[in-house]
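Below: the structure, in structure tokens.
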Amino acid sequence: MLGVIGAMSEEVQLLLSELTDAKEAVHAEITVTRGNYKGTDIALAQSGIGKVNATICTQMLIDIYKPEKLVFSGVAGGLLPNMRAGDIIVASHVVQYDMDLTAFGRRHGETPGRDRLIECDPDLVGKATAAFDAAFDEGGGEASLMLGTIASGDQFVEDTEMLRWLQREFAALAAEMEGAAFGYTCHLNGLPFAVIRALSDSSSESASDDFEQNLHKACRNSFRVMDQMIPAALAERNQQDRRTRSRPAQPIFNTR
Ligand code: ADE
Numbered sequence: 007m008l009g010v011i012g013a014m015s016e017e018v019q020l021l022l023s024e025l026t027d028a029k030e031a032v033h034a035e036i037t038v039t040r041g042n043y044k045g046t047d048i049a050l051a052q053s054g055i056g057k058v059n060a061t062i063c064t065q066m067l068i069d070i071y072k073p074e075k076l077v078f079s080g081v082a083g084g085l086l087p088n089m090r091a092g093d094i095i096v097a098s099h100v101v102q103y104d105m106d107l108t109a110f111g112r113r114h115g116e117t118p119g120r121d122r123l124i125e126c127d128p129d130l131v132g133k134a135t136a137a138f139d140a141a142f143d144e145g146g147g148e149a150s151l152m153l154g155t156i157a158s159g160d161q162f163v164e165d166t167e168m169l170r171w172l173q174r175e176f177a178a179l180a181a182e183m184e185g186a187a188f189g190y191t192c193h194l195n196g197l198p199f200a201v202i203r204a205l206s207d208s209s210s211e212s213a214s215d216d217f218e219q220n221l222h223k224a225c226r227n228s229f230r231v232m233d234q235m236i237p238a239a240l241a242e243r244n245q246q247d248r249r250t251r252s253r254p255a256q257p258i259f260n261t262r
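Position 242 of the sequence shown, counted from 1, bears residue number 248 in the working numbering, the numbering being contiguous throughout.
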């Protein structure tokens, strides 16, 4: 069983429409639809917006549906100038950017006793990038793929100063409001997870207008990746991983 979460109805709608044998249940006011997605058993939940909702939903899904792995998908605000609406970001790491114990000498995003950046499961990350390649024609110009840190906080970012800070402080590619809470919860439960986002806006002063305008396109693009990702997610480690692991070690520099 694969756990799949999106925050808003637009972010789960397209996946829901492809589910067969769907059965709905409600826990803590969160609707979960269990069903079959092109051969894979999934539990699909709409968490609601923000880190608290994401945490409650993730822990509930883990406790009740016992997924082997989990994926969060939806939209995000881009943090680099050359990004475009619809581009896909696969998180290598997630960070809660609004965790602030700097008053006690901690770095922004640092929670005592926990890693500042939580690493996503490398196998699921590899599968997400392969899913992008299968969903989008390389060089076709429809959407680009970027891998890196996603920063999460309980704020819709529409401020150039703030987006620059997020980029520089965390080397983050995108901002959203759930991924790190979801990731921390999976991590503490010892479960592999991935976060896949499509950009709806550039987190700058026009972000809320851009969000409204691009939401449909961004949801469509993240769905296209998820549509390829879900059937692969529970399979054994991917081919690319195996190739990498079996390659003999090479010296990085020629020492002569
Ligand atoms: N989700 C989509 N765009 C976002 C933004 N600019 N800030 C936070 N979450 C988002």
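We put the CB at the ideal spot given by N, CA and C, even for glycine.
Only a predicted model underlies this, so the values are computations on that prediction, with no experimental measurement involved.
Discussion item. Taking its Cβ as the centre, do 16 or more other Cβ atoms sit within 10 Å of residue 120, making it buried, or is it exposed?
Written reply: exposed
- Roughly how many angstroms lie between the CA atoms of residue 85 and residue 24, to the nearest whole one? 32 Å
Reduced DSSP category for residue 241 - H, G, I as helix; E, B as strand; rest coil:
coil
message = Using a 10 Å radius around the Cβ and a threshold of 16 neighbouring Cβ atoms, would you call residue 227 buried or exposed?
response = Buried, because 16 or more other Cβ atoms sit within 10 Å of the Cβ of residue 227.
Quiz item: Exposed or buried, what is residue 169 when buried is set at 16 or more other beta-carbons lying within 10 Å of its beta-carbon?
Solution: buried
task = Indicate the three-state DSSP secondary structure (helix, strand or coil) for residue 132 in the structure shown.
result = helix
**Study point:** For residue 49, the nearest candidate out of 59, 149, 35 and 28 (CA to CA)
**Key:** 28
- Task: With DSSP collapsed to three states, give me the class of residue 187.
- Result: The three-state reading of DSSP puts residue 187 in helix, counting H, G and I together.
What are the boundary residues of the beta strand (DSSP E) that includes residue 47?
46-52
Relative to the C-alpha of residue 97, which candidate in 127, 68, 122 and 109 has its C-alpha closest? 127
Nearest to residue 198 by alpha carbon, out of 188, 141 and 82?
-> 188
Using a threshold of 8 Å, is the CB atom of residue 209 nearer than that to any non-hydrogen atom of ligand 1? For ligand 1, a non-hydrogen atom lies closer than 8 Å to the CB of residue 209.
| Heavy atom of ligand 1 less than 8 Å from the Cβ of residue 54, yes or no? | no
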